[in-house]
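> Residue numbers (my numbering): 1 to 144. Starting off with a structure, shown below.
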């Protein structure tokens with residue numbers, strides 16, 4: 001396949017998929033949070049306690065942008081910051097009870113969104129779709 005054609009097809013798929021699951025909506029999953037904010041909540045939930053530099057490395061996100069989002073989440077009382085016992089220069093992030101509740105709501109809404117998508121497909125196509133997504137991930141994941 002010609003490179004220009006491959007680029008066009010990949011970009012077309014990206015536009016299709018981001019539209020399909022509403023990733024460009026200002027408020028993800030009818031919540032008060034953007035995709036970036038929801039993803040940062042996910043990373044904090046998955047790694048808590050986790051440092052901002054770990055979130056930055058995992059998400060490949062700009063430090064100043066992450067800082068602004070963390071400030072918003074802190075103002076919303078969704079995250080808690082504390083100094084690391086190992087290294088006082090490092091601040092560790094964790095979800096507050098309110099943050100955990102927001103994360104749980106977003107996570108359930110995301111699961112329901114994908115479940116609704118799968119309901120439109122015959123069951124045999126569920127595994128086919130998953131296999132194709134796994135193949136994309138395998139092809140695009142950097143090798144160590």
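Where is the CB? At the ideal position from N, CA and C, for every residue including glycine.
Give the DSSP-derived three-state secondary structure of residue 72 in the structure shown.
In this structure, DSSP gives residue 72 a helical state, which the three-state scheme calls helix.
> Are the beta-carbon atoms belonging to residue 95 and residue 78 less than 8 Å from one another?
yes
> Please state the DSSP three-state secondary structure of residue 82.
strand
> Is the Cβ-Cβ distance between residue 93 and residue 45 less than 8 Å?
no
> Is residue 91 helix, strand or coil by DSSP?
In the displayed model, residue 91 falls within a strand according to three-state DSSP.
> Among the candidates 116, 126, 68 and 19, whose CA atom is the shortest distance from the CA of residue 36?
68
> For residue 117 and residue 132, what's the separation of their Cα atoms in angstroms?
Across the structure, residue 117 and residue 132 are spaced so that their CA atoms are roughly 16 Å apart.
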